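Each residue of the sequence shown is one higher than the one before, starting from 74 at the first, in the working numbering. Ideal Cβ positions, reconstructed from N, Cα and C, are used throughout, including at glycine. In this text the structure is predicted, and so the values were computed from the model without any measurement. Note sheet for the following structure.
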Amino acid sequence: MEWKPDRLIRLILLYVMLSGLTYWLPIIRGLFDGPSYSWSGWMGIGGTGIGGQYWLLLILGSLLTSVVFLGWRGARKPFHWLLLTWFILLVIESGSWFFSTETIHFKGDTLGVDFSLKKIIFPFDVLFLVLVCLWIIRNLRSASSLPSPTWKRLNRNLLILFFCLFPLQLILLRFLDHDKIFDQIGVILTIFQWLLLNLSFYPWQSHKY
């Protein structure tokens, strides 16, 4: 019998996936768009292309990917502490927005997205931080010894598809970015790619794979 994620950790990892999208997009666009792409984040970090504090985006992206991978593949140590670290960072980030006197917006010029985050995200981040603490306490007490889920063919195929999107993203975001429609397709493809990465780690239970 293999380990299966319970409902609480599924909910937490889905929230991690949503929160990670705002990091995955600038990581990929900074790499492929180059200097034509400007990005900015919390606490003054920002840059153009892979300049500025792009290295910090890579560190956060590595933490994010580790949380997603370890979470779906058995949730074993050091997953607990990486997950807690991620949500502490989220609360610090959204808390800085919540208590700021400035109006904070999430802007995506390519897709025409612009909405205020100031009063929305912080309560959810705090709620999920509490849920994470509850899950960690419960999980450490249960001390489950079930083996991690096996890597199935579907996991492998989804991961291959994930990597196959990189050349297409490069073409759309670097060489065809003069046409807005191709830029938009590239952004949508990047969102889809992040979803694919999460699905490739998911512990599929179908015996077909």
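Under three-state DSSP, which class holds residue i?
i: T121; result: strand
i: W224; result: coil
i: W277; result: coil
i: L169; result: Note on identity: in this sequence residue 169 is Ser, with Leu being the wrong assignment. Here S169 sits in helix by DSSP.
i: W76; result: coil
i: L219; result: coil
i: S249; result: The question names Ser, yet the displayed sequence has Leu at residue 249. DSSP places L249 in coil when its eight states are reduced to three.
i: I85; result: helix
i: Y282; result: Low confidence applies here, because Y282 scores a pLDDT of 37, under 50, leaving its location unreliable; read the following figure in that light. Looking at Y282 - three-state DSSP - the assignment turns out to be coil, as it is neither helix nor strand.
i: I193; result: coil
i: N212; result: helix
Less than 7 Å between C-beta atoms, sequence neighbours within five positions excluded: which residues of the same chain meet that for residue i?
i: N271; result: M90, V141
Could you tell me which of the options sits nearest to residue i, measuring between CA atoms?
i: I264; options: I101, S221, L202; result: I101
i: P222; options: W112, G124, P276; result: P276
i: F248; options: L163, F236, D106, I85; result: D106
i: L104; options: I244, H251, D252; result: I244
i: Q266; options: L94, R80, I82; result: L94
i: V164; options: T138, A148, I193; result: I193
i: G124; options: L238, L200, S109; result: S109
i: Y127; options: W76, G144, L98; result: L98
i: L234; options: A148, G147, L262; result: L262
i: G144; options: R229, L131, W159, I132; result: W159
i: P78; options: R146, N230, F195, F239; result: R146
i: L86; options: S215, P196, E75, L137; result: L137
i: I199; options: G168, H251, L129, S215; result: Position check: residue 199 holds Val in this sequence, whereas Ile was assumed. The residue with the shortest Cα to Cα distance from V199 is G168.
Identify, in the order they occur along the chain, each residue of the same chain with its Cβ nearer than 6 Å to the Cβ of residue i, setting aside the five sequence neighbours on each side.
i: G134; result: Y96, I100
i: L155; result: S139, V140
i: S246; result: Here residue 246 is Leu; the residue named in the question, Ser, does not match the sequence. Result list for L246: F105, D106, G259, in chain order.
i: H280; result: Legend: pLDDT at H280 = 49, less than 50; position of this residue unreliable, no value from coordinates given.
Suppose the cutoff is 8 Å on Cβ atoms and the five residues either side in sequence are ignored; what does the same chain contact list for residue i look like?
i: H153; result: I209, N212, L213
i: S111; result: G119, G120, T121
i: L84; result: L204
i: N228; result: S273, F274, Y275, W277, Y282
i: L207; result: L81
i: A148; result: W76, P78, I82, N212
Assuming residue i and residue j are in contact, meaning their beta carbons sit under 8 Å apart, how far apart are those beta carbons, in whole angstroms?
i: L231; j: L202; result: The Cβ separation is near 29 Å, so there is no contact.
i: E75; j: P196; result: Not a contact, Cβ separation roughly 35 Å.
Any beta strand (DSSP E) of 3 or more consecutive residues that is wholly inside the region 93-157: 111-113, 119-121
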